[in-house]
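One structure below.
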């Protein structure tokens with residue numbers, strides 16, 4: 001296959017356009033479509049000024065971008081930009097791990113109102129029940145694995161409640177008790193059942209007339225994006241390939257005490273469905289789904305994403321990203337829509353969910369899975385963006401999830417992280433009933449503080465810098481509905497989100513095969529003292545992307561795996577400013593040195609080059625857990641009104657340098673994994689008390705790059721820095737004994753820089769200032785900017801006598817190659833000598849034979865004359881005697897006559 005053809009995009013006949021602010025009305029979009037011969041499909045969800053146009057006279061699918069129509073729309077004075085839609089290449093997860101002819105008998109319940117083997121859908125078309133668990137769709141990949149079993153086990157500790165739903169006793173993940181479920185029953189006992197919350201399932205449709213869902217169905221939370229109508233009913237086929245959405249909806253809001261199937265986590269919540277996976281998925285399709293009725297819908301649950309094949313790196317497009325941003329900033333009347341996402345099923349392919357731009361996002365609540373026995377499922381992906389976990393299926397012998405199914409049915413074989421995300425969405429619906437004023441960030445804080453690491457078994461549990469247990473497989477642990485509700489009732493809205501971004505210098509650093517590099521950034525952020533999400537935006541190239549793994553270590557010592565090796569990924573594309581996210585440092589102070597490690601496990605001549613990386617830190621300037629009102633050092637000196645409300649958006653760190661931050665040892669005390677009940681360390685103490693303020697100022701700027709438009713720092717930032725002049729124009733010159741670096745006076749040049757003297761005439765006096773210039777990227781220390789002016793190399797390189805730094809791995813390979821070439825040359829010369837000797841010998845022997853032949857050819861050949869042999873022999877001897885004498889006399893000059 002031609003890889004260029006395989007990787008090419010398939011374009012549709014639909015165009016997304018963004019109109020100018022004063023031309024955003026529906027009538028303006030219709031006028032634009034009429035002017036250029038397009039059909040107006042409608043507004044893209046709830047995104048202002050964005051509309052979808054269709055051009056019917058071009059192909060619905062094409063590998064070529066329609067440049068002429070792009071130019072036509074872009075040339076219109078009302079259009080800001082236009083984008084022809086292309087199909088997102090995705091596949092369903094249709095793994096089947098066994099087929100039992102008795103499956104339907106054991107897992108499907110014949111409901112009293114639907115006892116026939118056939119069922120008529122809303123269009124009057126008769127559909128047949130099928131037990132085959134096959135999934136195949138055009139579009140996003142659904143995150144469930146199907147395993148058919150012949151029987152269901154009931155835990156001996158199952159506690160029957162008042163529900164008469166047939167499958168309730170077997171819903172082990174809700175009723176086991178003893179810390180082995182998600183404490184949903186305790187929430188129900190508090191009369192918290194999801195009343196008033198609205199959840200929508202973004203999937204392949206919803207069987208809205210299912211008897212266990214019909215009473216909770218919400219048409220305002222439903223839409224058919226594939227067919228552009230308001231009916232989300234799935235398309236029925238012979239293999240029930242579109243059952244996924246109905247199954248997810250049943251987990252959330254299946255009705256209770258109706259003698260039908262199962263019980264939903266939030267059985268009094270309203271549920272809707274968006275049919276968007278049963279067709280071509282484009283950026284506009286995703287955006288329309290994610291932004292459906294955001295003032296009515298509270299929670300969006302998605303159990304799909306890019307292909308989990310271990311080699312895909314993909315995420316939301318421009319429109320879907322805009323839908324996320326609008327959702328968290330405008331949804332729920334400004335409180336923010338809550339997006340719950342399944343983390344991924346690529347465990348068998350060693351995939352990493354940080355390569356999925358939907359789970360690897362600050363706007364989504366990424367949920368992983370745990371098996372019945374608290375183990376990591378074989379399909380689960382481990383990554384640093386996973387926030388928490390719910391139960392789901394496991395290996396053979398472990399039970400699965402019970403929920404509603406197509407044809408008014410019921411199934412006990414819902415699987416994968418597809419089953420985990422709706423359970424989390426249902427728990428979030430319970431929490432919103434307890435406190436409807438929670439923001440999208442409040443919900444994430446509550447999850448982090450209440451998730452339970454207990455009874456979850458993974459090898460990578462660790463304690464972060466503020467004492468919370470966290471894992472790449474389970475996040476902060478299992479969701480605890482009761483603890484979340486208790487915390488939500490007393491929760492105070494978190495302060496506004498702040499942002500600090502620190503960018504490295506362009507480095508172009510080589511990462512040789514079987515080696516790694518370590519880079520550092522020293523962060524000093526005034527506005528962010530309590531971390532939430534951290535993104536490391538990395539740009540690198542690699543001979544083979546799957547050989548790269550990346551780690552990030554916080555100043556508190558928390559080490560996050562941003563990217564693990566992916567054996568299936570053979571791409572040479574690398575990463576282009578890809579935002580690897582971690583939540584493992586939640587609550588830590590970001591100020592200090594961050595270390596990024598890039599490892600290359602490739603073979604031989606595999607190479608990787610780190611081009612650039614940026615650290616983006618989201619958080620708050622004050623303790624976000626404001627339940628306790630006791631005074632502390634920080635809150636007594638800084639009121640909330642003093643904190644700027646606008647996030648920092650520059651490419652450099654915040655300009656006001658903070659005091660040095662010292663985290664006390666108390667904040668890094670390890671908690672035992674199996675004994676801890678939850679991660680809510682703020683209940684007993686104010687976390688901000690673990691911060692002490694030093695008297696001296698500390699300016700930490702190594703490794704940062706300031707924008708040329710923001711070269712001048714505020715005057716207060718220079719206090720104690722050694723600057724000679726307060727005028728910003730003259731701050732380029734320092735007092736004696738100080739060096740100028742990034743417009744700041746420091747005592748010595750940092751690593752990777754060398755001193756340069758500069759002279760300037762001020763007030764008729766010539767002042768000499770010493771500044772720092774960048775070394776060549778291969779030098780650790782240097783005396784010039786060229787690659788042959790290194791004075792010290794990095795640990796993975798060696799200094800040559802001519803001033804170059806050569807990678808040790810390369811030097812070893814070169815030496816090995818030289819030895820090999822020498823050995824080969826010696827062997828070759830020996831072979832040449834042997835061959836030459838043989839040739840000479842053969843030629844010499846052949847010449848001897850030729851001489852002999854020539855000598856014998858000069859003699860006369862005797863002719864048999866019929867004489868007897870003896871007589872003939874006498875004649876021959878006489879002739880020989882005659883010839884001998886003749887020769888003798890010829891030598892003695894005797895004539896023949898005399899002879």
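Numbering (my numbering), first residue to last: 1 to 899. By construction, the Cβ of each residue, glycine as well, lies at the ideal position given by its N, Cα and C atoms. Since the model is a prediction, treat every value here as computed from it, not as a measurement.
Practice task
Could you tell me the boundaries of the alpha helix (DSSP H) in which residue 442 lies?
Solution key: 440-450
Handout entry: Span of the alpha helix (DSSP H) around residue 330
Key = 318-330
Handout entry: Option in 571, 486, 620 with minimal Cα separation from residue 526
Key = 620
Handout entry: Which of helix, strand or coil DSSP assigns to residue 30
Key = helix
Problem - Sub-8 Å separation of residue 254 and residue 245 beta-carbons - result: no
Practice task
Would you list the one or two residues that DSSP bridges to residue 414?
Solution key: 401
Problem - Proximity to residue 174 [Cα-Cα], best of 22, 402, 192 - result: 402
Practice task
Pull up the distance between the alpha-carbon of residue 665 and that of residue 584, whole angstroms please.
Solution key: Here the model assigns residue 665 a pLDDT of 31, short of 50, so the residue's position is not dependable and the matter cannot be decided.
Practice task
Check whether the Cβ of residue 522 lies closer than 7 Å to any heavy atom of the ligand MN, and answer yes or no.
Solution key: Ligands displayed in this structure: none; no statement on the ligand MN is therefore possible.
Practice task
Determine the burial state of residue 214: buried for a count of at least 16 other Cβ atoms within 10 Å of its Cβ, exposed for fewer.
Solution key: exposed
Handout entry: CA-to-CA distance, residue 595 to residue 901, given in whole angstroms
Key = Because the chain spans 1 through 899 in this model, residue 901 falls outside it and cannot be assessed.
Practice task
Check residue 219 in the structure and name its three-state DSSP category.
Solution key: helix
Practice task
With a 10 Å radius around its C-beta and 16 neighbouring C-beta atoms as the bar for buried, classify residue 69 as buried or exposed.
Solution key: buried
Problem - the region 213-229 contacting the region 323-331, beta-carbon criterion three pairs below 8 Å - result: no
Problem - Nonlocal neighbours in the same chain, by C-beta distance under 8 Å from residue 318, ignoring five residues either side - result: 83, 283
Practice task
Decide if residue 819 is buried, meaning its Cβ has at least 16 other Cβ atoms within 10 Å, or exposed.
Solution key: exposed
Handout entry: Contact check, residue 379 vs residue 348, beta carbons under 8 Å
Key = yes
Exercise for the section: Determine, using beta-carbon pairs with one atom in the region 235-245 and one in the region 294-302, whether at least three such pairs fall under 8 Å. Expected result: no
Problem - residue 431 vs residue 438 beta-carbon contact at 8 Å - result: yes
Exercise for the section: With DSSP as the reference, please indicate the residues paired to residue 203 in a beta bridge. Expected result: 275
Problem - Three-state secondary structure (DSSP) of residue 579 - result: strand
Exercise for the section: Can you have a look at residue 59 and say buried or exposed, based on whether 16 or more other CB atoms are within 10 angstroms of its CB? Expected result: exposed
Problem - Residue range of the unbroken beta strand (DSSP E) whose run includes residue 289 - result: Residue 289 -> not in any beta strand (DSSP E); alpha helix (DSSP H) instead, spanning 283-290.
Problem - Endpoints, the alpha helix (DSSP H) within which residue 349 is located - result: Careful: residue 349 lies outside any alpha helix (DSSP H) and carries neither H nor E.
Exercise for the section: Check whether the region 353-361 touches the region 456-465, taking contact to mean three or more Cβ pairs, one atom from each stretch, closer than 8 Å. Expected result: no
Practice task
Check residue 806 in the structure and name its three-state DSSP category.
Solution key: strand
Practice task
Note the first and the last residue of the continuous beta strand (DSSP E) segment covering residue 532.
Solution key: 530-542
Practice task
Go to residue 369, then tell me how far its beta strand (DSSP E) extends in each direction, as first and last residue.
Solution key: 364-370
Problem - DSSP three-state assignment for residue 11, whether helix, strand or coil - result: strand
Exercise for the section: Note down, in chain order, each residue of its chain lying with its Cβ closer than 7 Å to the Cβ of residue 671, except the 5 sequence neighbours on either side. Expected result: Per-residue confidence for residue 671 stands at a pLDDT of 34, beneath the threshold of 50, marking its modelled position as unreliable; no derived number is given.
Practice task
Determine the direct distance from the alpha carbon of residue 418 to that of residue 507, and round the result to whole angstroms.
Solution key: 41 Å
Exercise for the section: Alpha carbon to alpha carbon, how far is residue 560 from residue 600? Give it in angstroms, no decimals. Expected result: 17 Å
Handout entry: Three-way DSSP call (helix, strand, coil) for residue 50 in this model
Key = strand
Handout entry: For residue 721, the three-state DSSP class (helix, strand or coil)
Key = Caution applies to residue 721, whose pLDDT of 35 falls short of 50 and renders its modelled position unreliable; the value that the coordinates give is listed next. Coil.
Handout entry: Residue nearest to residue 8 in terms of C-alpha spacing, selected from 804, 61, 615
Key = 61
Problem - Delimiting residues of the alpha helix (DSSP H) encompassing residue 246 - result: 244-253
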